[in-house]
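Taking it in order: structure first as structure tokens, then the write-up.
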Amino acid sequence: MKFEDALGREWLETNGLGGFSSGPIAGANTRRYHGLLTAATRPPLGRITMLSKFEEALLVGEERIELTTNQYPGAIYPEGYRHIRDFRLDPFPIWTYEINGLVLEKRLFMPHCLNGVVCVWKLLTGGADVHLEIRPLFSFVDHHHLQSENGEFDSGFTVDGSSICVRPYADLPPLHLAHNASEAAETGYWYRNLEYRIEKERGFDHHEDLFQPFLLRYGLVDPAIAIATIEPMRVSDAERLETDEIKRRKGLIKRAKARTSVKKRLVLAADQFIAARGDGATVMAGYPWFSDWGRDTMISLPGLTLATGRPELAKRIILEYAEHISDGMLPNRFPDDGDKAEYNTVDATLWYFEAIRAYVEATEDRKLLGGGLYEKLAEIVAQHVKGTRYDIHLDTDGLLFAGGPGLQLTWMDAKIGDHVVTPRTGKPVEIQALWYNALQIMIEFAEELGHKEDSRRFTAMADLARQNFNASFWNAEAGCLFDVVENGTRDPSIRPNQIFAVSLFHPILDRNRWADVVGKVEQELLTPVGLRSLSPADPAYVPRYIGSPFERDSAYHQGTVWGWLIGPFIDAYARVHDEEKGLDKRIREMMEGLIEHLDEAGIGQISEIFDAEPPHNARGCPAQAWSVAEVLRIHSRYLS
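In the numbering used here, each residue's number is its place in the sequence shown (first place is 1) plus 1.
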């Protein structure tokens, strides 16, 4: 296998707790986030990278064959990637190595709801005098950080039969390694200066030291097993854990009624973002570095849960977030370093209404609105009318105002120090579309519950918003919508935000203008992997998302393509072209690039963003929740 190909493609396993295991096919970690076990010590957060990797070697008689690959400054050593014959997800990562007639299979997986990883090596063909040696490399740092050799790292370990326990720091949980090795031996040294090329490309610290305390040596008459977990396990648990996990994943495919290979892969990809939060559930926005964000969760909910036949999961997420409503707002995110939520968002709360609407439509579970949820939604509306954080308030024209200097409240939220890259203070176009959609949803809910006065009030508010939106936002010169309106000024930037005025369940834009908006977005923003965030004709357009953190943040919403936007675009496109022949074919064509991407950067996953210009290289997170969710939702709605 070619080194660059194997290094540029990453695998991912998650455990339903926020923990994960990830790395490149080649085995040489390229990110600080890569590791065999990143445990969520406070699910879904408190993520600590404990076990970085195993150094692996086959011992054939007197010959030692390295299966590991590492990158150091100026050197690749060893070069175990050369022995990789095949890699596949079936349903979890499986490598096949071939060396002089020997064929070795390695597979690993994370059991659901267990902070642990199971690794199994099996000799498929070869002689009796073959052994496997593995050397665990430990990091034990917050998953955003890098380890450096230090005197506070406790290098000791304890042995209890076929289990070894390490605890480098007293304030972190221990790690137990259960195994069936025939021999264990103390080593005790640091691997210094491993180099992570993606961190280097991104302008971050990119060297790490990892501690190697002992080695394990296995005969390969039977499969070699290593189970790394926070809670002690027995090596005999491996077979049961694997059987249960295969059964669980097959069950997900069955529940989703996934018949095509594409949908099966998307269903399994979707499951990787679901995580426990308290007694409820949440959505991890992206791996390997994002936590759970309110906006991403609500946008992703229909695709990750309803399109996969898991409505009870959608309900758990909806009710969990209801517990975090504050001053009429949903959290923007839950930071990794604490439990206190941040509320600096205007759109997450409005997406909450759409997520609930989609759930009720899919399940007809109107009982959800009882038990205080309807009252909480009504209070959200009241708080927005009254005014809440960050000067979010209803203006006299019935449109929603948000923001101020130094604030970034919409999904275009890049900020460098005090500099907001895409300032959209005032009345952003998609916020008005979401506000109107929320009011229409509340009208329906009020009528179902017999709240006639509420229904009349919401109707009057929606009518006023629609009337003034269509009067204020139409850019006759460009034949599309302004992006932001503020105190008489109108931002003519051609951005994808306007598509929501057509795509949402209750579109705010007058029907006779739908085709113009869809046509403009298609002409200037559509790519094979989603929508550009800014027209190439704009002087502020940035074609590639590369360079230092400053350069990348400056490009984040200034042209960079976002895969998730293919969902609302296709919804809007289908509305405009619903009676035309060949609509299915056209939708398949628009989805083709993202479907092919399942075999590219994050194997079986869809990336967060892409360069604005061909070849549209994948950037950002290699696995992003709303990218998968929207591709899955569209595939289920139009193509299944």
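Glycine included, C-beta positions come from ideal geometry on N, C-alpha and C.
Q. How is the beta strand (DSSP E) around D161 delimited, first residue to last?
A. On the sequence shown, residue 161 is found 160 positions in, with the first residue counted as 1. Looking at the DSSP string, the run of the beta strand (DSSP E) that includes D161 is 158-161.
Q. Quick one: Cα of D398 to Cα of A41, how far?
A. On the sequence shown, position 397 is the one that residue 398 refers to. On the sequence shown, position 40 is the one that residue 41 refers to. Each residue's CA atom was taken as its position, placing D398 and A41 some 47 Å apart.
Q. Just reading off the alpha helix (DSSP H) that L253 is part of, what are its end residues?
A. Reading the sequence shown from its first residue, position 252 is the one you call residue 253. It spans 238-256 - the alpha helix (DSSP H) in which L253 sits, taken as one unbroken run.
**Q.** Residue from F205, G117, I509 with nearest C-alpha to Y437
**A.** One-based indexing of the sequence shown puts residue 437 at position 436. Closest option to Y437, Cα to Cα, is I509.
Q.
Suppose you measure from the CA of L532 to the CA of V562; what does that come to, to the nearest Å?
A. Translated into positions along the sequence shown, residue 532 becomes position 531. Translated into positions along the sequence shown, residue 562 becomes position 561. C-alpha separation (whole angstroms): 5 Å.
Q | Range of the contiguous alpha helix (DSSP H) that encloses M591 | A | Taking the first residue of the sequence shown as position 1, residue 591 is located at position 590. That run of the alpha helix (DSSP H) goes 584-597.
Q) Taking all protein chains shown into account, do 16 or more other C-beta atoms lie within 10 angstroms of the C-beta of V222, making it buried, or fewer, making it exposed? A) The sequence position of residue 222 within the sequence shown is 221, counting from 1. Taking a 10 Å sphere around the C-beta of V222, we find fewer than 16 other C-beta atoms and assign the residue as exposed.
**Q.** Sequence-distant residues of the same chain with beta carbon closer than 6 Å to P79, five excluded per side
**A.** Taking the first residue of the sequence shown as 1, we reach residue 79 at position 78. Cβ contact annotation for P79 (same chain, cutoff 6 Å, sequence separation greater than five): E67, T69, in chain order.
Q) Closest to D396 by CA distance: which of K368, Q409, P429, G17 is it? A) Taking the first residue of the sequence shown as 1, we reach residue 396 at position 395. For D396, the nearest C-alpha among the options comes from P429.
**Q.** Exposure label - C114; buried when at least 16 CB within 10 Å
**A.** The sequence position of residue 114 within the sequence shown is 113, counting from 1. C114 sits exposed, since fewer than 16 C-beta atoms from the chains shown fall within 10 Å of its C-beta.
Q) Is the region 591-608 close to the region 624-640, with three or more CB pairs under 8 Å? A) For the pair of segments examined, the region 591-608 was found to touch the region 624-640: the number of CB pairs separated by less than 8 Å reaches three.
**Q.** Contact under 7 Å by Cβ, W515 with V503
**A.** Locating residue 515 in the sequence shown gives position 514, where the first residue counts as 1. Locating residue 503 in the sequence shown gives position 502, where the first residue counts as 1. Cβ atoms of W515 and V503: closer than 7 Å.
Q | Cutoff 7 Å; reference G189; Cβ partners in own chain excluding five residues on either side | A | Residue numbering aside, residue 189 sits at position 188 when the sequence shown is read from its first letter. Same-chain partners within the cutoff: S156, P214.
Q.
Do P175 and F55 have their beta-carbon atoms positioned less than 7 Å apart in this structure?
A. Counted from its first residue, the sequence shown places residue 55 at position 54. Counted from its first residue, the sequence shown places residue 175 at position 174. Taking 7 Å as the Cβ cut-off, F55 and P175 do not qualify as a contacting pair.
Q. How long is the line joining the alpha carbons of E609 and H144, rounded to whole angstroms?
A. Residue mapping note: residue 609 aligns to position 608 of the sequence shown, counting from 1. Residue mapping note: residue 144 aligns to position 143 of the sequence shown, counting from 1. Looking at the two C-alpha atoms, the distance is approximately 19 Å.
Q) Would the region 322-340 and the region 348-362 be scored as touching if the rule is three or more Cβ pairs under 8 Å? A) With three or more CB-CB distances shorter than 8 Å, the region 322-340 counts as touching the region 348-362.
Q | Status (buried if at least 16 other CB within 10 Å, exposed otherwise) for D348 | A | Taking the first residue of the sequence shown as position 1, residue 348 is located at position 347. Buried is the label assigned to D348, since at least 16 other Cβ atoms lie within 10 Å of its Cβ.
Q) If you count every other CB in all the chains shown that lies within 10 Å of the CB of T261, and 16 or more means buried, which is it? A) Counted from its first residue, the sequence shown places residue 261 at position 260. Of the other Cβ atoms in all chains shown, fewer than 16 fall within 10 Å of the Cβ of T261; this residue is therefore exposed.
Q: Compare the beta carbon distance of A1 and M234 with 7 Å and say whether it is the shorter of the two.
A: In this structure the chain extends from 2 to 641, so residue 1 is not present and cannot be described.
(Q) Extract the residue ranges of the alpha helix (DSSP H) inside the region 433-509, only unbroken runs of 4 or more that lie entirely within it. (A) Runs of alpha helix (DSSP H) with 4 or more residues, each lying fully within the region 433-509, are found at 453-473, 501-504, listed in chain order.
Q.
Our contact map puts F470 next to Q499 with C-beta atoms below 8 Å; I'd like the distance itself, whole angstroms only.
A. For the purposes of this step, residue 470 is taken as the residue at position 469 of the sequence shown. For the purposes of this step, residue 499 is taken as the residue at position 498 of the sequence shown. Approximately 11 Å separates the beta-carbon atoms of F470 and Q499; this is outside 8 Å, ruling out the contact.
**Q.** Outcome for Q606 when other beta-carbon atoms lying within 10 angstroms are tallied against a minimum of 16
**A.** As a working mapping, residue 606 is identified with position 605 in the sequence shown. Its Cβ being crowded by 16 or more others within 10 Å, Q606 is buried.
Q. First and last residue of the beta strand (DSSP E) that includes V347?
A. One-based indexing of the sequence shown puts residue 347 at position 346. For V347, there is no enclosing beta strand (DSSP E), as DSSP marks it with neither H nor E.
Q. Excluding sequence positions up to five away, which residues of its chain have a Cβ less than 6 Å from the Cβ of D87?
A. Along the sequence shown, read from residue 1 onward, the residue named residue 87 stands at position 86. Around D87: T97.
Q. Quick one: any contact between the region 363-372 and the region 407-418, if contact means 3 or more CB pairs under 8 Å?
A. Too few Cβ pairs lie closer than 8 Å, so no.
Q.
Please identify the residue among Y170, T39, R203, I300 whose C-alpha is closest to the C-alpha of S549.
A. If you number the sequence shown from 1, residue 549 lands on position 548. Answer by Cα proximity: R203.
Q.
Once DSSP output is grouped into helix, strand and coil, what is the label at Y353?
A. The count along the sequence shown starts at 1 and reaches residue 353 at position 352. In the structure shown, Y353 adopts helical secondary structure according to DSSP, grouped into three states.
Q) With contact counted as at least three CB pairs below 8 Å, one residue from each stretch, are the region 620-632 and the region 580-587 in contact? A) Short answer: they don't touch.
**Q.** Contacting residues, own chain, Cβ-Cβ under 6 Å from P169 (five flanking each side not counted)
**A.** Within the sequence shown, the letter at position 168 stands for residue 169. Closer than 6 Å at the Cβ level, and outside the excluded window around P169, lie F141, F154, D155.
(Q) Can you list, in chain order, the residues of its chain with a C-beta nearer than 6 Å to that of R89? Leave out the 5 residues immediately preceding and following it. (A) Position 88 of the sequence shown holds residue 89. Cβ neighbours of R89 beyond the five flanking positions: I95.
Q) Buried or exposed: S292, going by 16 or more other Cβ atoms within 10 Å of its Cβ? A) In the sequence shown, counting from the first residue as 1, residue 292 sits at position 291. Buried, since its Cβ has 16 or more Cβ neighbours within 10 Å.
Q. How about L253 and V236: do their beta carbons lie closer than 7 Å?
A. Numbered from 1 along the sequence shown, position 252 holds the residue referred to as residue 253. Numbered from 1 along the sequence shown, position 235 holds the residue referred to as residue 236. No, Cβ-Cβ distance for L253 and V236 is not below 7 Å.
**Q.** Residue of P224, I442, L527, K377 minimising C-alpha distance to E106
**A.** If you number the sequence shown from 1, residue 106 lands on position 105. Measuring C-alpha to C-alpha distances from E106 to each of P224, I442, L527, K377 identifies P224 as the nearest.
**Q.** Cβ distance (whole Å) where Y546 is taken to contact R620 below 8 Å
**A.** Here the question's residue 546 lines up with position 545 in the sequence shown. Here the question's residue 620 lines up with position 619 in the sequence shown. At roughly 4 Å, the Cβ-Cβ gap stays under 8 Å, so Y546 and R620 are in contact.
Q. When DSSP labels each residue in this structure, what does T69 get in the three-state scheme?
A. Residue mapping note: residue 69 aligns to position 68 of the sequence shown, counting from 1. It is coil, neither helix nor strand.
Q.
What ranges does the alpha helix (DSSP H) occupy inside the region 379-416, keeping only unbroken runs of at least 4 residues that lie completely in it?
A. Listed in chain order, the alpha helix (DSSP H) runs fully inside the region 379-416 amount to none, counting runs of at least 4 residues.
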